[in-house]
Amino acid sequence: MVTERRWRCLIRRPERVAARAAEAAGGACTVVLGSDAAVRRLNARHRGRNAPTNVLTFDPAAPGLPGEIVLALETVRREARAAAKRPAAHLAHLVVHGVLHLRGHDHHGAGEARRMEMAEARLLHRLGLPNPWRAA
Numbered sequence: 020m021v022t023e024r025r026w027r028c029l030i031r032r033p034e035r036v037a038a039r040a041a042e043a044a045g046g047a048c049t050v051v052l053g054s055d056a057a058v059r060r061l062n063a064r065h066r067g068r069n070a071p072t073n074v075l076t077f078d079p080a081a082p083g084l085p086g087e088i089v090l091a092l093e094t095v096r097r098e099a100r101a102a103a104k105r106p107a108a109h110l111a112h113l114v115v116h117g118v119l120h121l122r123g124h125d126h127h128g129a130g131e132a133r134r135m136e137m138a139e140a141r142l143l144h145r146l147g148l149p150n151p152w153r154a155a
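Sequence positions in the sequence shown follow my numbering and run 20 to 155.
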C-alpha cells in the first residue's frame, strides 16, 4: 500500500518490489510505504520514540491476520544514498528484515543479529540483490 506518493518517484513500481521481497521471505503481511512524518507518529505512539525510523513492524492484530510493515520514505532514501545502494534494493532489504521480525527473528544479541543478517543476505540473493552487509 503506497500512502506516500513520492515512493513512485524514487522507485519504479515500489509495491511490486515490496511484494516480491515479502514473498521471498515467506511472509503474508501488509506493507505500507509511508512518509517519515507518518512513521514518526507511529513510532511515538507505539514505541515511545518521537523520531522516524526506516521500518516498523507490527505483529498481527489477531490470529490469522497478517502483520504489518511500515517504511519511511525519507529515511529509506537517505540511508540508500549514504550507503551508495539502489533505493529499490534497500527497500527490498528492509521488507525482508520486517518479515523476518514477523517470523520471530530478532537482533538484540550478537548471535541473533548475525543469524538474522545471514538470513537477509540469503533471501536477497534469491531476489538477485547484493548482500547489504558487504561493503560496496
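Just so it is clear, CB atoms sit at the ideal spot from N, CA and C, and this is done for glycine as well.
For clarity, every value in this text was computed on a predicted model and none was experimentally measured.
Where does residue i sit, in a helix, a strand or coil, going by DSSP?
{"i": "E23", "result": "coil"}
{"i": "L90", "result": "strand"}
{"i": "L29", "result": "helix"}
{"i": "L148", "result": "coil"}
{"i": "A101", "result": "helix"}
{"i": "R96", "result": "helix"}
Counting along the chain, where does the beta strand (DSSP E) carrying residue i start and finish?
{"i": "G3", "result": "A question about residue 3 goes unanswered here, because the residues of the chain that appear run from 20 up to 155."}
Report the rounded CA-to-CA distance for residue i versus residue j, giving the unit in angstroms.
{"i": "T94", "j": "A102", "result": "12 Å"}
{"i": "G1", "j": "L29", "result": "What the structure shows of the chain is the stretch from 20 to 155, and residue 1 is not part of that stretch, so it cannot be assessed."}
{"i": "D78", "j": "V114", "result": "14 Å"}
{"i": "A99", "j": "P106", "result": "5 Å"}
{"i": "P149", "j": "M135", "result": "16 Å"}
{"i": "A40", "j": "R32", "result": "13 Å"}
{"i": "W152", "j": "K104", "result": "11 Å"}
{"i": "N62", "j": "V74", "result": "10 Å"}
{"i": "R27", "j": "D55", "result": "15 Å"}
Taking the alpha helix (DSSP H) that residue i falls in, what are its first and last residues?
{"i": "G117", "result": "106 to 121"}
Please determine, among the options, the residue with the shortest C-alpha to C-alpha distance to residue i.
{"i": "L119", "options": "L61, R153, C48, D55", "result": "C48"}
{"i": "A38", "options": "A140, L110, R133", "result": "L110"}
{"i": "A117", "options": "R96, P85, R145", "result": "In the sequence on display, residue 117 carries Gly and not Ala. Of the candidates R96, P85, R145, the one whose C-alpha sits nearest the C-alpha of G117 is P85."}
{"i": "P71", "options": "R27, L90, A140", "result": "L90"}
{"i": "M20", "options": "P82, E87, A43", "result": "E87"}
{"i": "L146", "options": "H124, M137, H112", "result": "H112"}
{"i": "H144", "options": "E34, A44, R68", "result": "A44"}
{"i": "T76", "options": "G83, V58, P82, N69", "result": "V58"}
message = For a minimum of 4 consecutive residues, which ranges assigned as the alpha helix (DSSP H) are wholly contained in the segment 32 to 92?
response = Here the runs fully enclosed are 33 to 43, 55 to 66.
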